Amino acid sequence: MSDWDFHTIIEPFRIKAVEAIPNLTRAQRERALHAAGYNLFKLLADTVTIDLLTDSGTGAMSAAQWSALMIGDESYAGSRSFVRFEAAVHRLTGFPYIFPVHQGRAAERILARTVLPPGSVVVNNTHFDTTRANVEQAGAHAVDLPVAAAADPTDTSPFKGDMSLPALDRALDSGVTLAMLTLTNNAAGGQPVSMANIEAVSARCRAAGVPFFLDAARFAENAWFIHTREPGFADVPLPTIARRMFDLADGCTISAKKDGIAHIGGVLATRIPEWADAFRNELILGEGFPTYGGLAGRDLECVAVGLEEALDPDYLRYRARSVAYFAERLESVGVPVVKPPGGHAVYVDAGRLFPHIPPEQLPGQAFAVAMYLEGGVRGVEIGSLMFPAARLQLVRLAMPRRVYTQAHIDYVVEVAARVVARARSVPGYRIVTEPPFLRHFSATLEPLPTGG
Ligand code: F0G
């Protein structure tokens, strides 16, 4: 599809606007961290040098997006920007009923409140936390059916985001209300789902009469992995691959803050007319009139442009290569990472890096804090602080889209190398205060004495 045969994969853009990043002294970082109770969510962004907390809403918009923003039509009903948004989503997905929402979880909330009676069951390769929370809020059960390879950070299978088909068969036998596939599978390392798996899940759901939705927040990255890793797709254009994924489903939720490369926005879409009626009513109740949902007209414009830019092969080649490069460099300085690297982030296996810190002393948090202290790098713990029963002690270093260059990444690797060099003196942590749920967002912590 492309004849790029250079070893160097370049950023497929030049930079027109820049934003200064903070550069603090170590003493300033120590003070900021202390004031934040050793919780990186509580740091002011002005104290962070390289912010890898999330790839959500943190991307750099293109000149085309910024100029589209300026021509946004803020009419309450029937705005030109909605027409453009609807056409872009329709071109991408083929779904006839399309609703704008303010972000992904708003789509999940509408879906859960309208089609999930209490006691019903939703299966997913792995529910993202907000999806699970919305399903459970409706009184339904959220069941994860990942393949076995997803649990092994050293397994290099190409499609570790797949759903287990034997597990799906068993679930369908005992009753399922809605099946979902999360593309890529964020909660399981940003791993892609193969077209073969989407087809198999779709066929089984159709046979069982169970509606099947995609959580397509990272549809473009998933399409790229199908294009580059799955036999038969090397010559298929990316929009065709994406369309085939959506064609296999009855609807989708999308957070446009990821592959929409927008700062805010989301989509709920379906081909089921009765569900569309229910979505529309719920949308009006909580988000807004159906031609703007939870967004301004200018936001609809940015999403419409971003959804198309995300499928540019030059962009996706650079994106996948950047994440893989980051993972390779981290490994080369002795940082264990989940393999293969995902589409939007590198997941560090802090449990393996810090064998002297037991899970209850939060090795993931220890790595995340050490990266901040050493060089002002912010990642997010995905281990026993976030999920007390976690089996792996991971830290996600997410890559905002089109924001950081190779030099920024080389700097982060240098910071990580310094953490590795003093790994044995890195302390564990204990929780001082914690809220009743989602404790990672607001808990306060303190370092435990070392060497004892
Ligand atoms: N689905 C997936 C797979 C996600 O990764 C997210 C958000 C959502 C749904 C919810 O979308 O934030 O627009 O409401 N993930 C972000 C992250 C927060 O950091 O991974 P939202």
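The sequence shown: position 6 = 1362 (my numbering), numbered continuously.
Glycine included, each C-beta is placed from N, C-alpha and C at the ideal position.
Model, not experiment: these values are computed from the prediction.
Meets three-Cβ-pair contact criterion under 8 Å: the segment 1475-1488 and the segment 1516-1531: Under the Cβ criterion (8 Å, minimum of three pairs), the segment 1475-1488 counts as touching the segment 1516-1531.
Considering Cα atoms alone, identify which of Ile1371, Ile1466, Leu1389 is closest to Pro1646. Ile1466
Buried or exposed, going by whether 16 or more other CB atoms sit within 10 Å of the CB of Asn1637? exposed
Taking 7 Å as the cut-off, is the C-beta of Lys1613 nearer than that to any heavy atom in the ligand F0G? Checking the Cβ of Lys1613 against the ligand F0G gives yes.
Local conformation of Phe1769 per DSSP, three classes: In the sequence on display, residue 1769 carries Val and not Phe. Three-state result, Val1769: helix.
Below 8 Å on the Cβ atoms is my contact criterion, and I expect Arg1574 with His1458 to pass it. Report the Cβ-Cβ distance as a whole number of Å. Contact flag wrong, Cβ pair sits at about 19 Å.
From this set, Ile1365, Val1404, Ser1358, Arg1385, which residue's C-alpha is nearest Ile1377's C-alpha? Val1404
Supposed close pair Leu1667, Ala1598 - CB separation, criterion 8 Å: Yes, Leu1667 and Ala1598 are in contact; Cβ-Cβ is about 6 Å, under 8 Å.
Helix, strand or coil for Arg1778 per DSSP? coil
Out of curiosity, what's the CA-to-CA distance linking Ala1676 and Glu1577? 8 Å
Pair every Cβ in the segment 1600-1616 with every Cβ in the segment 1399-1418, then say whether three or more of these pairs are closer than 8 Å. Yes, the segment 1600-1616 is in contact with the segment 1399-1418.
Figure out for me which residue from Ile1628, Asp1705, Leu1656, Trp1631 has the closest Cα to the Cα of Val1776. For Val1776, the closest alpha carbon among the candidates Ile1628, Asp1705, Leu1656, Trp1631 is that of Asp1705.
Would you check if the distance between the CB atom of Pro1567 and the CB atom of Asp1525 is smaller than 8 Å? no
Measure the alpha-carbon distance for Pro1473 versus Thr1533 and round it to whole angstroms. A straight line joining the alpha-carbon of Pro1473 with that of Thr1533 spans about 9 Å.
Would the beta-carbon of Val1445 fall within 8 Å of that of Ala1563? no
Nearest neighbour of Met1601, chosen from Ser1798, Leu1801, Asn1553, Asp1429 [CA to CA]: Asn1553
Relative to the C-alpha of Ala1572, which residue among Val1725, Ala1383, His1483 is closest? His1483
Which of helix, strand or coil DSSP assigns to Gly1808: With a pLDDT of only 46 at Gly1808, under 50, the local geometry of the prediction cannot be trusted, and the value read off the model is given with reservation. DSSP places Gly1808 in coil when its eight states are reduced to three.
Assigned secondary structure, His1796 (DSSP; H/G/I helix, E/B strand, else coil): helix
Along the alpha helix (DSSP H) that carries Leu1524, what are the first and last residues, could you check? 1521-1530
Kindly examine the ligand F0G and report whether one of its heavy atoms sits closer than 7 Å to the Cβ of Phe1484. yes
Please confirm whether any heavy atom of the ligand F0G lies closer than 7 Å to the CB of Arg1461. yes
Starting from Ser1611, trace the beta strand (DSSP E) in both directions and tell me its first and last residue. 1607-1611
Is there contact here, the segment 1768-1783 with the segment 1363-1375, by at least three beta-carbon pairs under 8 Å? no
Relative to the C-alpha of Ser1358, which residue among Arg1440, Val1592, Glu1367 is closest? The shortest CA-to-CA distance from Ser1358 to any of Arg1440, Val1592, Glu1367 is the one to Val1592.
Can you tell me whether His1390 is buried or exposed? The criterion is at least 16 other CB atoms within 10 Å of its CB, across all chains shown. exposed
Would you call the CB atoms of Glu1665 and Tyr1671 closer than 8 Å? Cβ distance < 8 Å, so Glu1665 and Tyr1671 count as in contact.
Flag this pair as yes or no: are the beta carbons of Ala1505 and Gly1475 separated by less than 8 Å? no
Check whether the Cβ atoms of Ser1688 and Met1755 lie closer than 8 Å to each other. No. Outside cutoff.
Quick one: grab the DSSP three-state call for Leu1395. In the sequence on display, residue 1395 carries Asn and not Leu. The answer is coil: DSSP assigns Asn1395 none of H, G, I, E or B.
From Arg1685, His1796, Thr1789, pick the residue whose C-alpha is nearest to that of Gly1735; which is it? His1796
Determine the extent of the beta strand (DSSP E) in which Thr1789 is found, giving its start and end residues. 1785-1789
When burial is assigned at 16 or more other CB atoms within 10 Å of the CB, is Phe1793 buried or exposed? exposed
Start and end of the alpha helix (DSSP H) containing Phe1635? 1629-1642
Does the Cβ of Phe1825 have 16 or more other Cβ atoms within 10 Å, making it buried, or fewer, making it exposed? The chain is shown from 1357 up to 1808; residue 1825 falls before or after that span and cannot be answered.
Opposing strand residues paired with Arg1734 [DSSP bridges]: Asp1407
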